[in-house]
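Single-structure report; data block below.
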Amino acid sequence: MSKEKQRREALQYHAEPQPGKIKIVPTKPYSTQRDLALAYSPGVAEPCLEIEKNKDDVYKYTAKGNIVAVISNGTAVLGLGNIGPEASKPVMEGKSLLFKIFADIDGIDIELDTEDVDKFVETVKTIAPTFGGINLEDIKAPEAFEIERRLKEELDIPVMHDDQHGTAIISAAALLNALEIANKKIEEVKIVVSGAGAAAVSCTRLYKAFGASAKNIVMLDSKGVIRSDRPNLSIEKLEFATDRKIDTLEEAMKDSDVFIGLSIANVVTPDMLLSMADTPIVFAMANPDPEIEYELACKTRKDIIMATGRSDHPNQVNNVLGFPFIFRGALDVRSTKINEEMKMAAVRALADLTRESVPEQVNIAYDTTRLTFGKDYIIPKPFDPRLITTIPPAVARAAMESGVAKAPIQDWDKYEEELYQRSGNDNKVVRLMHNRAKLNPKRIVFAEAELLDVLKAAQIVHDEGIAQPILLGHKETIEQLKKDLDFDAQVPIIDPRSDEFREMRTRYALKLWESRQRKGETRYSARVNMGKRNYFGAMMLQEGDADGMISGYSRSYPRVLRPVFEVLGRAKGVKNASTVNIMITARGPLFLADTSINIDPDAEQLAEIAQMTANVAKTFGFDPVVAMLSYANFGSSAHPHAQKVREAVRILHERNPELVVDGEIQTDFALSPELSNNNFPFSKISGKKVNTLIFPNLESANITYKLLKGLNNADSIGPIMVGLPRAAHIIQLGASVDEMVNMAAVAVIDAQEREKRRKARMGEE
1 MSKEKQRREA
11 LQYHAEPQPG
21 KIKIVPTKPY
31 STQRDLALAY
41 SPGVAEPCLE
51 IEKNKDDVYK
61 YTAKGNIVAV
71 ISNGTAVLGL
81 GNIGPEASKP
91 VMEGKSLLFK
101 IFADIDGIDI
111 ELDTEDVDKF
121 VETVKTIAPT
131 FGGINLEDIK
141 APEAFEIERR
151 LKEELDIPVM
161 HDDQHGTAII
171 SAAALLNALE
181 IANKKIEEVK
191 IVVSGAGAAA
201 VSCTRLYKAF
211 GASAKNIVML
221 DSKGVIRSDR
231 PNLSIEKLEF
241 ATDRKIDTLE
251 EAMKDSDVFI
261 GLSIANVVTP
271 DMLLSMADTP
281 IVFAMANPDP
291 EIEYELACKT
301 RKDIIMATGR
311 SDHPNQVNNV
321 LGFPFIFRGA
331 LDVRSTKINE
341 EMKMAAVRAL
351 ADLTRESVPE
361 QVNIAYDTTR
371 LTFGKDYIIP
381 KPFDPRLITT
391 IPPAVARAAM
401 ESGVAKAPIQ
411 DWDKYEEELY
421 QRSGNDNKVV
431 RLMHNRAKLN
441 PKRIVFAEAE
451 LLDVLKAAQI
461 VHDEGIAQPI
471 LLGHKETIEQ
481 LKKDLDFDAQ
491 VPIIDPRSDE
501 FREMRTRYAL
511 KLWESRQRKG
521 ETRYSARVNM
531 GKRNYFGAMM
541 LQEGDADGMI
551 SGYSRSYPRV
561 LRPVFEVLGR
571 AKGVKNASTV
581 NIMITARGPL
591 FLADTSINID
601 PDAEQLAEIA
611 QMTANVAKTF
621 GFDPVVAMLS
631 YANFGSSAHP
641 HAQKVREAVR
651 ILHERNPELV
661 VDGEIQTDFA
671 LSPELSNNNF
681 PFSKISGKKV
691 NTLIFPNLES
701 ANITYKLLKG
711 LNNADSIGPI
721 MVGLPRAAHI
731 IQLGASVDEM
741 VNMAAVAVID
751 AQEREKRRKA
761 RMGEE
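According to full-length UniProt numbering, the stretch in the sequence shown is residues 1 to 765, in order.
So this is what it looks like as C-alpha cells:
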C-alpha cells in the first residue's frame, strides 16, 4: 500500500462514520420517566448522600472503579515528537480503545495544554476524583519521571506511565525466559542498553530489581556510552553511568550477553553481533525499524535469541500484553498505587505463562502446529486468551500482599470467571481470523470484481496480505475502477468471455461436460456456462487454478449456489452441504447452522449439519458445545418436529460420543448454563457455555441470525459453506465490504486447512 493511500485510509478511518474511536453509552435503563427519575433528579440524590457519608461508596454507586484516565501533554508522541495536546488526541483515544477491548476498562483520554510539571501535576490531582486510575502517556523525559513520581506520592489511586513501565514489564518477562533458555544467570550477564529515555531507564531499573548487577550494565545515549566521568548528567543517567573506559556501542557490545535496544534503527552491525558472547540475547525494540533487522541478526548469529517490537517476527515485545491487565488487577482490588511488587508480579506471571502449554486457539491463530517455550517463543502472544485470567490475578494478589489493596478479593475462582466474562477474548474472532489468513495467503477468486464494493474488498485483502485476489469480470471496467480506488497492485484480471481466455474457457467447458454429461449437460450448455463467472470461478477451484472463491454480492443465494454445486459437487462422504454463520455477540461467538441451504432437514441431515458445524468451531479454535434447538425440551412434546431433533441427538451420541451435544432444548435453556443445570442436570450441556446452535429448519436459523444482526448489531461472519470439496463461499446479497473481507479470510483459512489435510494424507501414503 502506498504511503499516500495509507494516509487517506487512516484519515477516513478516524473521521467516518463519526469522528473519533470511542464513545460513552448508558449502562442503565432510560426508556421510561421512572428510569430518568432514578438516573437523575430526584433519585440521584440518594447515592450522592451515601457517598457524602462514606467517600468509598463512590465505587459502589458510580463507574469510577472501572475508569482510567489516559493523560498526555503531547510532548513525546510515538515517533512524532512534541506535536502538542490536540495532535496527540488520536493516540490517546487509541489507548482508550485498547483498554476496552483487552480488559473491559473504560479509558477516557485527557490532553493537557501545558509542559509545566507543576501545572500538569496540579491539574491531574484536581480531576483525579473522577477516575479509578491514571495512565500517563507520551510525556517527554525528564519531566515524565518527575510527573509520575509526584502523582504516585500524592494520589491514592493507581498511576503508571506506560511508556516507562509497559516495555519494562514485557521485556523483563522475555529476558527472564531468554536467560533460562541460554542457561545464563541475570546476576552475571553483561547488559548493553542503547537508549536513555524513560523506557530505557525503567527497563534497566526493573532488570536490576530482578538481580542484574549495576557493574555489568552499560547504557548509551545519543552521545555514546554514559560514563561516570561525563559532566552534567541527569539524575537518571547518573544512576546507570559506568566506570568502564569505553565510548562507543561497538566497544560496549564486545563480550556482552544482552543487548536492549530502545533507540533508533540500524545502529547495531553484524560485526557487533559477532563480538557478543555465546547465545546472545538481542531485544531490538525500536519501532517501526529495529536496531538491527531480524533476518540479518538471525543470519549473522544462529545461536541468537531475538525479540523486536514488530508483530511480523517471533517474540514481539508489545505493551498490550501488560497495561490493560495490570490496571485491571489494580482496579479490581481498589489498589492505591501500582508499586514495584505489582509490576514484578506481572513480569513473573507473563514469564510463567509462556512456559505453559499453549491453547489450540493460539496455535490456530498463528498457524503453528504447536507453540512451545523456546528461542522463538519467550513471551506470550497478544491473542492468548489466558492473559486476562493470568495477569490481573497476579497483580491483584501482589497489591493485597504489599498492603495497597482496599478491596481484597475473597473468591478467586469467581474472580477468574468474572475476568473471562468481561474480557471480550471470545470476541477476537475477526482479529484471529485475519492474522491466521495472513500467515499463508491463498489465491481467492472474486467473481463479481467489476462491482465497486467487491473490488474494494479485494483491494483490502490484497493490501492487508490476507489473500491473493483474482478478479473476474470485464477487464476495462475493472481497470477503471482500480484507477478510481488507487488500487495499483498488479493482480490477475480474467474476463471469462474474452478472446484472451478462450483456450481456458474451452478447456473448462470440456471438463464440465465430461463431469455432467449424464446429468443433462450438453457440450453447448457447458460452453455457455463457462462464459458465466460463477461457473468459471468454480471451475478454477476444481482445476487447481485458484484456492478459494467468494461470490453472491449481486445475485440471490440459490442462483449462485447452483453453479457451485454443479461444478464442485459435495465433499467425499457428505450427503448434504450446509452453511454456518458466526455471530459475534456480547456473550462470545455463536456458531449457527444451517442458515442458508437445507429447508427442512431430517434427523440424519441434522446430525450431519451438527457434526460439520462443530468442525467449523474447532477450526476457529473453539471447543464446540452444541445445542440442538427446538420449541420443546427433552421429550416434552411428541410432535414429529421435536422427535426429529431428538432422533438427531441420538444419532450424534451414538456415532460421536466425544462430542458435547444435547437436545432437543429450547434456546433460553441452551444459552443459560444456570437454567440448564437447574432443570436438566442429566444433559451433556448442563452448566456449560453453549457456543454452537443447530436449528431444526432453515426458516428458524435464517430468521434468527438476521434478527441478531439487525436488532443487536451483532457482526456476522458467513454464511460459511461446509460440505464442499473446495473452498467456495457464497456471501449474502448486498454484503458489506467488511463482510466480504471477512469471508475472503474464511476462504483462505478453509483452503489452508484443506492443504494441511492433503499434505497429511500424502505423508501417510
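We put the CB at the ideal spot given by N, CA and C, even for glycine.
If you're wondering where the values come from, they're calculated on a predicted model, not measured in any experiment.
### Query
DSSP on VAL746, reduced to helix/strand/coil?
In the structure shown, VAL746 sits in a helix (DSSP, three-state: H, G or I).
### Message
Taking the straight line between their C-alpha atoms, what separation do you get for ASP116 and ILE127?
### Response
Spanning the alpha carbons of ASP116 and ILE127 requires a straight line of approximately 17 angstroms.
### Message
Using a Cβ-Cβ cutoff of less than 8 angstroms, which residues in the same chain neighbour TYR294 once the five nearest sequence positions on both sides are dropped?
### Response
So the qualifying residues of the chain are ALA284, MET306, THR308, ARG310, HIS313.
### Query
Should ARG436 go down as buried or exposed, given a rule of 16 or more other Cβ atoms within 10 Å for buried?
So ARG436 ends up on the buried side.
### Query
Would ARG397 be called buried (16 or more neighbouring beta carbons within 10 Å of its own) or exposed?
Counting Cβ neighbours within 10 Å, ARG397 comes out buried, since at least 16 surround it.
### Message
Using 9 angstroms as the threshold, is the C-beta distance between PRO719 and ILE730 below it?
### Response
Yes, the pair counts as a contact, with Cβ atoms nearer than the cut-off.
### Message
Using a Cβ-Cβ cutoff of less than 7 angstroms, which residues in the same chain neighbour ASN425 once the five nearest sequence positions on both sides are dropped?
### Response
For ASN425, the predicted model reports a pLDDT of 47, less than 50, meaning its position is unreliable; a value from the coordinates is still stated below. PRO385, ILE388, listed in sequence order.
### Task
Indicate the three-state DSSP secondary structure (helix, strand or coil) for ILE665 in the structure shown.
For ILE665, the secondary structure class from DSSP, reduced to helix, strand or coil, is strand.
### Task
Consult DSSP for THR300 and reduce its assignment to one of helix, strand or coil.
Residue state, collapsed to three classes: helix.
### Task
Please report the residue range of the beta strand (DSSP E) in which ARG443 lies.
The continuous beta strand (DSSP E) containing ARG443 extends over residues 443–446.
### Query
Where does LYS185 land, buried or exposed, given buried means 16+ other C-beta within 10 angstroms?
Exposed is the call here.
### Query
For the putative contact between VAL661 and VAL626, defined by C-beta atoms under 8 angstroms, what is the C-beta separation to the nearest angstrom?
The C-beta distance from VAL661 to VAL626 rounds to 4 angstroms, short enough to meet the 8 angstroms contact threshold.
### Message
What does the alpha-carbon distance come out to for the pair ILE181 and ALA174?
### Response
Distance from the CA atom of ILE181 to the CA atom of ALA174, rounded to whole angstroms, is 11 angstroms.
### Query
Does DSSP put ASN425 in a helix, a strand or coil?
Summary for ASN425: the model assigns pLDDT 47, below 50, so the residue's position carries little reliability; its value from the coordinates is reported in the next sentence. The DSSP-derived three-state label of ASN425 is helix.
### Message
Restricting to runs no shorter than 3 residues, where is the beta strand (DSSP E) found entirely within the stretch 596–678?
### Response
As far as the stretch 596–678 is concerned, its whole beta strand (DSSP E) runs of at least 3 residues are 625–629, 660–665.
### Message
For the stretch 650–666 against the stretch 678–689, do three or more pairs of beta-carbon atoms, one drawn from each stretch, fall closer than 8 angstroms, so that the two count as touching?
### Response
Cβ pair count under 8 angstroms is three or more, so yes.
### Task
State the CB to CB distance for the pair ALA648 and ALA610, rounded to an integer number of angstroms; the pair is presumed to be in contact (CB under 8 angstroms).
Contact between ALA648 and ALA610 holds, with the beta-carbon distance rounding to 7 angstroms and staying under 8 angstroms.
#### Entry: Outcome for PRO469 when other beta-carbon atoms lying within 10 angstroms are tallied against a minimum of 16
Residue burial is scored here from C-beta neighbours: PRO469 has at least 16 other C-beta atoms within 10 angstroms and is therefore classed as buried.
### Message
Could you compute how far the alpha carbon of PHE622 sits from the alpha carbon of VAL395?
### Response
So the alpha carbons of these two residues sit roughly 28 angstroms apart.
### Query
Going along the chain, which residues of its own chain have a beta-carbon closer than 6 angstroms to the beta-carbon of LEU606, five neighbours each way excluded?
Same-chain partners within the cutoff: ALA648.
#### Entry: Cβ contact check for the stretch 321–333 and the stretch 156–164: 3 or more pairs under 8 angstroms
Below 8 angstroms, enough C-beta pairs join the stretch 321–333 and the stretch 156–164 to call them touching: three or more.
### Query
What residues in its chain sit with their C-beta under 8 angstroms from that of GLY94, if we drop five residues either side in the sequence?
Closer than 8 angstroms at the Cβ level, and outside the excluded window around GLY94, lie LYS21.
### Simplified DSSP assignment, three categories, for VAL317
Coil, per DSSP.
### Task
Please classify GLY74: is it buried, with 16 or more other beta-carbons within 10 angstroms of its beta-carbon, or exposed?
Label assigned to GLY74: buried.
### Task
Examine the ligand SAM and report whether any of its heavy atoms sits within less than 8 angstroms of the Cβ of ASP289.
Inclusion of the ligand SAM in the displayed structure is not the case, the ligand content being empty and no account of it being possible.
### Message
What would DSSP say about ARG205, mapped onto helix, strand or coil?
### Response
Note: ARG205 maps to helix in three-state DSSP.
### Cβ shell of MET400 (< 8 angstroms), same chain only, five flanking positions each side left out
Scanning its chain for C-beta atoms nearer than 8 angstroms, with the 5 sequence neighbours on each side dropped, one finds around MET400 the residues VAL333, PRO408, ILE409, in chain order.
### Message
Suppose the cutoff is 6 angstroms on Cβ atoms and the five residues either side in sequence are ignored; what does the same chain contact list for ILE651 look like?
### Response
Excluding sequence neighbours, ILE651 sits near ALA607.
### Task
Just grab the DSSP bridge partners of LEU136 for me.
Note: LEU136 is bridge-paired with ILE71, HIS161 in the DSSP secondary-structure output.
### Query
Whose C-alpha, out of GLY197, ALA297, VAL580, GLU187, is nearest the C-alpha of LYS215?
For the residues GLY197, ALA297, VAL580, GLU187, the minimum Cα distance to LYS215 belongs to GLU187.
### Task
Check whether the Cβ atoms of ASP303 and THR279 sit closer than 9 angstroms, and answer yes or no.
Closer than 9 angstroms, so yes.
### Cβ-based burial, LYS414 [other Cβ within 10 Å; buried from 16]
Counting other Cβ atoms within 10 Å of its Cβ, LYS414 stays below 16 and is therefore classed as exposed.
### Message
Distance check for ARG422 and ALA103, CA to CA, integer angstroms please.
### Response
Taking the straight line joining both Cα atoms gives about 7 angstroms.
### Query
Counting Cβ pairs closer than 8 angstroms, one from the stretch 548–561 and one from the stretch 704–717, do we hit at least three?
Short answer: they don't touch.
#### Entry: According to DSSP, residues forming a beta bridge with SER213
DSSP lists no bridge partner for SER213.
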